[in-house]
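What follows is a set of notes on a single structure, which appears directly below.
Below you can see the structure in the form of structure tokens.
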């Protein structure tokens, strides 16, 4: 069990109503000692930013997307980051529009809009959070 | 009772939709020649028969009439559905109107409010079977008004069951108040001898719903509804997959109703055929449809909501939908009279289900003595004493995580803050630890969710 109680803001992208994986991730994070602010399905970038405003001590924003529309749903992310409205690392995972054989170029698109870490599976989330303090972009 | 008249007047004035007076609606029901849903349910229960009903709904009015007539012609369902589109459910009437104007096929159901009550009367009169409105609206006041003005005698939903699985941030206080309005109008109509069947949607999120949670929610909604004057309740439960557990849960409905609902309330157990991830293969899907109907038969359900063998792919063709009704109806055939179930196992499971339900609702009923049942429900969800897995809404904590046991019955991996006794917890722990070996929780729950669609159930049953 992890000792430090760092805080995670969690949610699913704006056009996406999938809740099951979202609840499993919230459960997994909580049982591993994280405090979770779960915004649930259909969360806009503005809502993530608002949650960050209320929780500036959050150590990461974890966004799930299963419907393949992550790129469109998150297009305002960079702007929010540049305006300083989201200052913590952003982790994205799920079924992204990346396709089965992921290549560097597809991932770059997510990095360009402000995503810091792209994950392939729920099981990569805890290790990724552990690595975050190294403050570098991580491709798992 | 004057209150409801004033509320009704205010609602209709605000909405700017055309509706007849309640007196005219009462007269319409009195002049009715075909049976109401409540009458069919009552007869079916007395005759120990199961009624069969599909879901269906399209945007265009004429296409909806054709759909109902074709379904009736192909499969003679006992009750037919009008499934309402998502815009109407959320009262986005301008968007529904725009879709109707440009391309009605974009709608995932029938926009009843936009079509208006006269069109609803046409639907009800176009077929022999009576209609039920099925939707998912947290605030269904207007939809209900249009439905009854249209002479429709059955209406699904409730302040909990049509909020938490469907909405992200509609406060329970709002949905409970809106549904109390619907129930009080039902009460008013009942005073004039007009009985509207109110179905409570125990299926909730349709993903691994522990029976006691479904039954606790619908029981509380039933208590609210009967307090408001509702006299006829259909209480639905979603097929989970384990026949003993499903039969026990369905039989628990009448046991709980006789204990907690006022005498003279007509209560009907309804089975929703498996609402989770369906097999893609047509033959496997047909088998699951038939299995569901057998569960309904063994449990003595009064009504079955059927599925089609295209369920895995989305909204079915009319032929596939009709096929689902016909496949299910085979379960009522005399050739299956030989099928029975181990009654001692069912009784044991039923005893535990009732106990779990009573433990879940105990803190709510206790708190209700200090305030009202409605406020107690809101309080209990805030504290997690009432909770459900995989809620879409922020107004449930979703600290409950379900898993299947070795027999496929739905148990608790985590019970959250549900107030279960030591005995209940011990039994659950024993059942869950007896089950098959598993890797990580996410994989296990995924397998349990895709129980019927990815073949795991076959592998496990063979052990």
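Residue numbers (our numbering), protein chains in the order written: chain A, 1 to 140; chain P, 1001 to 1463.
Just so it is clear, CB atoms sit at the ideal spot from N, CA and C, and this is done for glycine as well.
Please classify residue i: does DSSP put it in a helix, a strand, or coil?
i              : result
residue 1268/P : strand
residue 1060/P : coil
residue 118/A  : strand
residue 1321/P : helix
residue 1313/P : helix
residue 1011/P : helix
residue 2/A    : With a pLDDT of 44 at residue 2/A, under the threshold of 50, the predicted position of this residue should be treated as unreliable, and no value is reported.
residue 1052/P : strand
residue 1156/P : strand
residue 1106/P : helix
residue 1081/P : strand
residue 1036/P : coil
residue 10/A   : strand
residue 1101/P : helix
residue 1045/P : helix
residue 1471/P : Beyond the ends of chain P as shown, which are 1001 and 1463, falls residue 1471/P; an answer cannot be given.
residue 25/A   : helix
residue 1131/P : strand
residue 137/A  : In this prediction, residue 137/A scores a pLDDT of 44, lower than 50, which makes its location untrustworthy; no coordinate-derived value is stated.
residue 1451/P : coil
residue 16/A   : coil
residue 1073/P : helix
residue 1018/P : coil
residue 1144/P : helix
residue 1162/P : coil
Using 10 angstroms around the beta-carbon of residue i, count the other beta-carbons present and answer buried if the total reaches 16, otherwise exposed.
i              : result
residue 1338/P : exposed
residue 1232/P : buried
residue 94/A   : buried
residue 3/A    : At residue 3/A the pLDDT is 48, less than 50, meaning the model places this residue with poor confidence and gives no usable figure here.
residue 1333/P : exposed
residue 1179/P : buried
residue 131/A  : exposed
residue 54/A   : exposed
residue 1084/P : buried
residue 1433/P : exposed
residue 1014/P : exposed
residue 19/A   : buried
residue 1404/P : buried
Hey, out of the options, whose CA is closest to residue i's CA?
i              : options                        : result
residue 1025/P : 1103/P, 1147/P, 1324/P, 1010/P : 1147/P
residue 1081/P : 1068/P, 1314/P, 1091/P, 1073/P : 1068/P
residue 1444/P : 44/A, 21/A, 8/A                : 21/A
residue 1090/P : 1136/P, 1440/P, 1352/P, 1210/P : 1136/P
residue 1447/P : 1402/P, 1419/P, 1184/P, 1203/P : 1402/P
residue 1374/P : 1100/P, 1171/P, 1400/P, 1277/P : 1171/P
residue 1329/P : 1014/P, 1292/P, 1450/P         : 1292/P
residue 1265/P : 1209/P, 1426/P, 1382/P, 1222/P : 1222/P
residue 64/A   : 17/A, 84/A, 85/A, 35/A         : 17/A
residue 1125/P : 1383/P, 1255/P, 1065/P         : 1065/P
residue 1088/P : 1346/P, 1366/P, 1160/P, 1140/P : 1140/P
residue 1122/P : 1208/P, 1150/P, 1191/P         : 1150/P
residue 1002/P : 1034/P, 1187/P, 1014/P         : 1187/P
residue 1048/P : 1240/P, 1301/P, 1427/P, 1118/P : 1301/P
residue 943/P  : 1296/P, 1372/P, 1276/P         : This structure leaves residue 943/P out entirely; chain P is present only between 1001 and 1463.
residue 1165/P : 1267/P, 1390/P, 1284/P         : 1390/P
residue 49/A   : 81/A, 124/A, 104/A, 129/A      : 81/A
residue 1046/P : 1303/P, 1198/P, 1158/P         : 1303/P
Can you list, in chain order, the residues of its chain with a C-beta nearer than 8 Å to that of residue i? Leave out the 5 residues immediately preceding and following it.
i              : result
residue 1012/P : 1019, 1145
residue 1054/P : 1071, 1075, 1077, 1080, 1081, 1305, 1306, 1308, 1321, 1322, 1324, 1325
residue 137/A  : With a pLDDT of 44 at residue 137/A, under the threshold of 50, the modelled position of that residue is not reliable, and no figure is offered here.
residue 56/A   : 87
residue 1114/P : 1088, 1093, 1096, 1097, 1100
residue 1362/P : 1419
residue 1428/P : 1411, 1412, 1415, 1420
Enumerate in chain order the residues of its own chain whose CB-to-CB distance from residue i is below 6 Å, with the five nearest sequence positions on each side excluded.
i              : result
residue 1280/P : 1312
residue 1307/P : 1273, 1289, 1324
residue 1086/P : 1108
residue 1104/P : 1059, 1060
Enumerate in chain order the residues of its own chain whose CB-to-CB distance from residue i is below 7 Å, with the five nearest sequence positions on each side excluded.
i              : result
residue 1007/P : 1181
residue 90/A   : 61, 63, 77, 114, 115, 116
residue 1173/P : 1378
residue 51/A   : 9, 37, 39
Heavy atom of the ligand SAH less than 7 Å from the Cβ of residue i, yes or no?
i              : result
residue 1331/P : By its list of ligands, the structure shown contains no ligand whatsoever, and the ligand SAH lies outside what it can speak to.
Item checked: Start-end ranges of the beta strand (DSSP E) lying completely within the segment 1363 to 1438 of chain P, minimum 3 residues -> 1400 to 1404, 1410 to 1415
Notebook entry, point to check: If you scan the segment 31 to 107 of chain A from start to end, which runs of the beta strand (DSSP E) of 3 or more residues do you find wholly inside it?
Noted result: 35 to 38, 60 to 65, 90 to 94
Next item on the list: Please specify which runs of the beta strand (DSSP E), each continuous and at least 3 residues long, are wholly inside the segment 1166 to 1208 of chain P, giving them in chain order.
Entry: If you keep only unbroken beta strand (DSSP E) runs of at least 3 residues inside the segment 1166 to 1208 of chain P, you get 1197 to 1200.
Checklist line | Runs of alpha helix (DSSP H) lying entirely within the segment 1217 to 1286 of chain P, each at least 4 residues, in chain order | finding: 1243 to 1260
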